[in-house]
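Colleague: This is the structure I want to talk about, given as structure tokens.
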Amino acid sequence: MPDHADLLPGTLDMLILKAVSLGPQHGYGILLRIGQISGDTLNIEQGALYPALYRLERQDLLDTEWGVSENNRRAKFYQLTPAGVKRLKEETQSWNRTAMAVATALSARPQEA
Amino acid sequence: MKFLSLLAAGLFRRARMERDMADELAAHMAHRADDLIRAGCSQAEAARRARLEFGAVEGYKESCREARGLAWFDELRGNLRFTVRSLRASPGYTLAAVLSLAIGIGANLCAFVSVNSIILHPFPFPQIDRIMLLGETANKIGWHRDPVAPANFFDWKENNRSFAFLSAFRPWDALLTGTGEPERVIAARVTADFFGTLGMAPAKGRGFFERECQPGADNVVVVSQAFQKSHVVSLGQTIALDGRAHTVIGVMPDEFDFPLTTEIWAPLAYSPEGKARRSGAELAVVGRLKPDATVEGARGEMAALAATLARRYPQSNDGRGVSIESIRQMNEVTNRFVAILLFAAGFVLLLACANIGNLQLARFTARQKELGLRAALGASRFRLVRQLLTESLAISAAGGVLGWVAGAWELGIMKRYIPAEVLRWVAGLRNLQMDGVVLAFGIGISLAAGIVCTSPSIYQLLRRRSGERLNESLKEGGRGAVSGRAGNRARSILVATEVALALVLMVGAGLMVRTFARMMAANSGIDPKGVLTLEVTPSPRDGIQTAQYYQRVLAEMNAISGVESAAVSGGVEAAQWEIEGRGRPDAGQPRPDRSAISSRYLQTMRIPMVEGRSIGEQDGPESTRVAAISESLAHYYWRGSSPLGQRIRLGGASSPWLTVVGICGDIRNWFGGQDQPMAYVSYRQEPPPGVRFALRTVRDPIESASAARLAIRRVDANQAIYNVKSMEQILAEQTSGVRSAAMVMSIDAAIALLLALMGAYSVSAFFVAQRTQEFGVRLALGASPRAIVRMVLAETARTSAVGLAAGIAAALALTATMSRTLYNVVTIEPLTFAGLTAMLALSALLAAYVPARRATRVDPMTALRSE
Chain R
2 MPDHADLLPG TLDMLILKAV SLGPQHGYGI LLRIGQISGD TLNIEQGALY
52 PALYRLERQD LLDTEWGVSE NNRRAKFYQL TPAGVKRLKE ETQSWNRTAM
102 AVATALSARP QEA
Chain C
419 MKFLSLLAAG LFRRARMERD MADELAAHMA HRADDLIRAG CSQAEAARRA
469 RLEFGAVEGY KESCREARGL AWFDELRGNL RFTVRSLRAS PGYTLAAVLS
519 LAIGIGANLC AFVSVNSIIL HPFPFPQIDR IMLLGETANK IGWHRDPVAP
569 ANFFDWKENN RSFAFLSAFR PWDALLTGTG EPERVIAARV TADFFGTLGM
619 APAKGRGFFE RECQPGADNV VVVSQAFQKS HVVSLGQTIA LDGRAHTVIG
669 VMPDEFDFPL TTEIWAPLAY SPEGKARRSG AELAVVGRLK PDATVEGARG
719 EMAALAATLA RRYPQSNDGR GVSIESIRQM NEVTNRFVAI LLFAAGFVLL
769 LACANIGNLQ LARFTARQKE LGLRAALGAS RFRLVRQLLT ESLAISAAGG
819 VLGWVAGAWE LGIMKRYIPA EVLRWVAGLR NLQMDGVVLA FGIGISLAAG
869 IVCTSPSIYQ LLRRRSGERL NESLKEGGRG AVSGRAGNRA RSILVATEVA
919 LALVLMVGAG LMVRTFARMM AANSGIDPKG VLTLEVTPSP RDGIQTAQYY
969 QRVLAEMNAI SGVESAAVSG GVEAAQWEIE GRGRPDAGQP RPDRSAISSR
1019 YLQTMRIPMV EGRSIGEQDG PESTRVAAIS ESLAHYYWRG SSPLGQRIRL
1069 GGASSPWLTV VGICGDIRNW FGGQDQPMAY VSYRQEPPPG VRFALRTVRD
1119 PIESASAARL AIRRVDANQA IYNVKSMEQI LAEQTSGVRS AAMVMSIDAA
1169 IALLLALMGA YSVSAFFVAQ RTQEFGVRLA LGASPRAIVR MVLAETARTS
1219 AVGLAAGIAA ALALTATMSR TLYNVVTIEP LTFAGLTAML ALSALLAAYV
1269 PARRATRVDP MTALRSE
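Residue numbers (the working numbering), protein chains in the order written: chain R, 2 to 114; chain C, 419 to 1285.
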């Protein structure tokens, strides 16, 4: 699968926050949403999502609540806390800056001295 | 707090969280399966694929627990459960380890109790490190801690900027009358801010006002709580001291004991003339540094102040400086003993740790397979380290608890052997107890011991390539690769260390014992057997009356049946001395102590006459002033010639010249055994204000005590008598510190020897067990049992030799340090040194011999089949 990319370290948290920012969602839903918004190009092992979710919950970036899913199953829903909202904003800005800088650097052409 | 709440969360919420987590992951897979079914999978196939896609459920659960911060809790619980199981499986090891740690920790706690109360908290004063003792120094004779003249003190007080408080006090031997038998009370005259300087206040009543420090207004006293209890006095009551009524205005709290053993404090009152006096130094000075002042700064300031005074009053103050020392330094000599005992105890604990480290290494080797299996199942090396650490800490915690019990028990015994007199005179000694600080110390050393014990094993585990070795161990038949050369080397190093430590301790104990023995055996120059002593400080009279009073008491005493001879002596320290025509001797040259004695004193003490005559009854106030000097003094200053007929002066220019009429034997300092130069004068020519009567009796001296008291009372019914003791009792009290130090160190050394032997034995036993097969082959091939024994012993001998070499070097250094620190002259003779070394070496070989014998009894066939 040449068009599939491995996740950079640290980006999973950002993607989770982004996915949850679009509305409260349970774990499987978050995974689907990440797939959706990333155009199904990222490889994420399903189980790997949960340690990340637990970590974000412990950092008080996510809130949880048990509820009923669209499939009529009991599921744990995650939503952003105010701290989570703030963190997402910061991470997005920082990511954009880095991405821009890297892109600029990579597009540089040799110059005549 | 955070730890506790986490623990509570762990305990109470853990179960629910586990359930939640399982539900959540199951819901995920159910949702995935729903999608797969919708995509056309069969139900069973969907469930299977959902689980497969999810990945390793248990692994992710573990990561989730870790992410949530509960992993450590689970691991700890697991480790503890495992520890209990594994220790229960080897009760022998557990018992040996816990007991040796308990002994080591107990010894340390006991030693630390002394450090805590004698060195760290000799007095209960707040911010004790700010409190300084000040004294005058005489630069010319290199003398420290001289008392201070009143005018100098008041100048210091007014002109210094380093001290928040500066107060003075002087001892006062008060005669208490009107409360039954007349009694001598240890009292002190103190300035008004004395209690404030020390940061203490009376528990009841009040302290002194400035206006009470005036002659006439100074008839108020503050008493100690002990005095209040024993004499049943209440505030406002008057008591008669030195024949004058004093009103009790305050009671100090029980823990206040400064100057040591003081029962009554009264204002220090000076007339204007007295205040201006620069001679007659009599004050001790104590000050509290300002919060921003340093000791160094204070020393600089006071030195400048002293220099100014020396310029202004050259006659009295020339060459006078100021010494400033922390009040903690008061116990200097005791402090050194106490510190040495703590070091000794530390060595014992180190030895115990080395021993347990050794046992753990052996266990570690035996557990290669188990550890290898756990590593193969995914336990990281650090996880294994944590497991080893948990086991070791469990042992050290148990050792700590038992050690606390052992320490308390040891302390109880120690306290019982401290003579009451010593208890009173060493600051902090009566407060020996296991308090919070000691508890903290105990917990600290228990933890440290646990970590130290297991560090050799951890080192082995973390060594490079040990991961591979752990794997190897699974393949091998239980004999892991780590049990090879590296493990043996580590064990040998540990045993060598133990031997070295044991030797140092034994030499240290030997030093103490010999010091004590020398003190006891030292010919102190007097014969203490059969001598009774009593002290009196008669109420002030003029010199002639005082002398007559002593004379009459002596007459009464000589008449007591069973008394061979009675004598009186009173010492006064002479700050200066000179020989006629030679000028003042330089600093560092011997200076005699002065003692005023009666005619039969030397005879009573059995101090021999070398030349000339003793002081006689004929040497009265009207006749020529005479002195008898001790042999070492005569020898030092007169070499070949005779001092008889020469004149000496004890004291300053106003003191009279004394004609030397005799040379007598030397008395020796009880502590170091050095000669103490003496000059004896006649008590009738220079009557001392306080004296000690000495009676040589034919029976047990204590039996004559009541008759001697009566003799004194017959002359003056109001005379207080104190320190009624036999001379031997006094010597025992003086040497009790060294005796208990010698005892404690001997016990430490014995424990050390035992531990070292245990170490030698266990390593030798391990060595033999490991090579059973090899020995079997050798025996089968015709090696003689003796050759096998030789092999095993050679191994031990090599190890011990290394340990002994290191130990001898360390012990030599220790001997030098101890001799220096304790001011004693005992050095350990090469023979003793060699003896202790040989004893240790032989015992180690003996300990190794038992397993060596076992090696020879190996049946070759069994050994070969044992694989």
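The beta carbon of each residue, even a glycine, is placed where N, CA and C say it ideally should be.
Only a predicted model underlies this, so the values are computations on that prediction, with no experimental measurement involved.
(1) I want to verify the contact list: residues of chain C whose CB lies under 8 Å from the CB of Tyr29/R, in sequence order.
(2) Who are the near neighbours of Ala604/C in its chain, counting only those whose CB is closer than 6 Å to its CB and skipping five residues on each side?
(3) Below 6 Å CB to CB, which residues in the same chain sit around Pro3/R once its five sequence neighbours on both sides are set aside?
(4) Gln47/R touches chain C at which residues, Cβ-Cβ below 8 Å?
(5) For the alpha helix (DSSP H) that contains Glu998/C, what are its first and last residues?
(6) Along the beta strand (DSSP E) that carries Asp1/R, what are the first and last residues, could you check?
(7) So if DSSP puts Ile1085/C in a beta bridge, which residue, or which two residues, is it bridged to?
(8) So the candidates are Pro509/C, Pro568/C, Leu779/C; which of them puts its Cα closest to the Cα of Phe1184/C?
(9) Does the beta-carbon distance from Ile1372/C to Val704/C come in below 8 Å?
(10) For Gln805/C, count the other beta carbons within 10 Å of its own beta carbon; 16 or more makes it buried, fewer makes it exposed. Which is it?
(11) Using the three-state DSSP reduction, which class does Ala586/C fall into: helix, strand or coil?
(12) If we call anything under 8 Å between Cβ atoms a contact, is Met924/C one with Leu1254/C?
(13) If you follow the alpha helix (DSSP H) that Tyr1267/C is part of, which residue opens it and which one closes it?
(14) Could one say the Cβ of Ala485/C lies closer than 8 Å to chain R's Cβ atoms, at least one of them?
(15) Sorry if obvious, but does the Cβ on Ala1252/C come closer than 7 Å to a heavy atom of the ligand MG?
(16) Helix or strand or just coil, what does DSSP make of Val1220/C?
(17) Just to confirm, are Ala1262/C and Thr1190/C a CB contact at a threshold of 8 Å?
(18) Return the chain-ordered ranges of every beta strand (DSSP E) run that is complete within the stretch 714-797 of chain C and spans a minimum of 3 residues.
(19) Check whether the stretch 785-805 of chain C touches the stretch 845-852 of chain C, counting contact only when three or more Cβ pairs, one atom from each stretch, lie closer than 8 Å.
(20) Who are the near neighbours of Arg450/C in its chain, counting only those whose CB is closer than 7 Å to its CB and skipping five residues on each side?
(21) Is there a C-beta anywhere in chain C that falls below 8 Å from the one on Tyr51/R?
(22) Check whether the stretch 593-602 of chain C and the stretch 612-621 of chain C are in contact - that is, three or more C-beta pairs closer than 8 Å.
(23) Looking at the structure shown, is Ile978/C part of a helix, part of a strand, or coil, going by DSSP?
(24) State the Cα-Cα distance for the pair Asn753/C and His539/C, rounded to the nearest angstrom.
(25) Taking C-beta pairs closer than 9 Å, name the residues in chain C that Arg75/R reaches, listed in chain order.
(26) Determine the extent of the alpha helix (DSSP H) in which Lys77/R is found, giving its start and end residues.
(27) I want to verify the contact list: residues of chain C whose CB lies under 7 Å from the CB of Tyr55/R, in sequence order.
(28) If we ignore side chains and look at the alpha-carbon of each, how far apart do Ala1234/C and Ala920/C end up?
(29) By the three-class DSSP mapping on this structure, what secondary structure does Gly560/C have?
(30) Report the neighbours of Arg88/R on chain C: residues whose CB is nearer than 8 Å to its CB, in chain order.
(31) For the stretch 1123-1141 of chain C against the stretch 1027-1035 of chain C, are there 3 or more C-beta pairs whose distance is under 8 Å?
(32) What are the complete alpha helix (DSSP H) segments, minimum 4 residues, inside the stretch 604-674 of chain C?
(33) By alpha-carbon positions, which one of Arg1208/C, Asn526/C, Ala757/C, Trp590/C ends up nearest to Ile536/C?
(34) State the DSSP-derived secondary structure class of Gly989/C, mapped to helix, strand or coil.
(35) Measuring only between beta-carbons, confirm whether Tyr835/C sits less than 8 Å from chain R.
(36) DSSP three-state call for Ser415/C: helix, strand or coil?
Modeller: In short, the structure shows the following:
(1) Ala445, His446, His449, Arg450
(2) Note that residue 604/C corresponds to Ile in the displayed sequence, not to Ala. Within its own chain, the residues whose Cβ lies closer than 6 Å to the Cβ of Ile604/C, once the five positions on either side in sequence are excluded, are Thr679, Thr680, Glu681, listed in chain order.
(3) Unreliable placement is indicated for Pro3/R, whose pLDDT of 41 sits below 50; the coordinate value is still reported in the next sentence. Answer for Pro3/R: no residue qualifies.
(4) His446, Arg450, Glu471, Phe472, Gly473
(5) Element bounds for Glu998/C: n/a, residue is neither H nor E.
(6) Residue 1/R is absent from the model: chain R starts at 2 and stops at 114.
(7) Gln1094/C
(8) Leu779/C
(9) A query on residue 1372/C cannot be resolved here, the shown segment of chain C reaching from 419 to 1285 and no further.
(10) buried
(11) Residue state, collapsed to three classes: strand.
(12) yes
(13) 1248-1274
(14) At a cut-off of 8 Å between C-beta atoms, Ala485/C counts as an interface residue with respect to chain R.
(15) The ligand MG is not part of this structure, which contains no ligands at all.
(16) The answer is helix: DSSP assigns Val1220/C an H, G or I state.
(17) no
(18) 738-744
(19) no
(20) Ala468, Glu471
(21) Yes, its Cβ sits closer than 8 Å to a Cβ of chain C.
(22) no
(23) coil
(24) 11 Å
(25) Those within 9 Å of Arg75/R in chain C are Asp441, Ala445.
(26) From DSSP, Lys77/R is part of no alpha helix (DSSP H) but of the beta strand (DSSP E) over 75-81.
(27) Within 7 Å Cβ-Cβ: Cys482, Ala485, Arg486.
(28) 18 Å
(29) Bear in mind that the predicted position of Gly560/C carries a pLDDT of just 48, short of 50, making it unreliable; the figure below should be weighed with that in mind. It is coil, neither helix nor strand.
(30) None at all; the shortest Cβ gap to chain C is about 16 Å.
(31) no
(32) 612-616, 643-649
(33) Ala757/C
(34) strand
(35) no
(36) Residue 415/C lies beyond the stretch modelled for chain C, which goes from 419 to 1285, so this question has no answer here.
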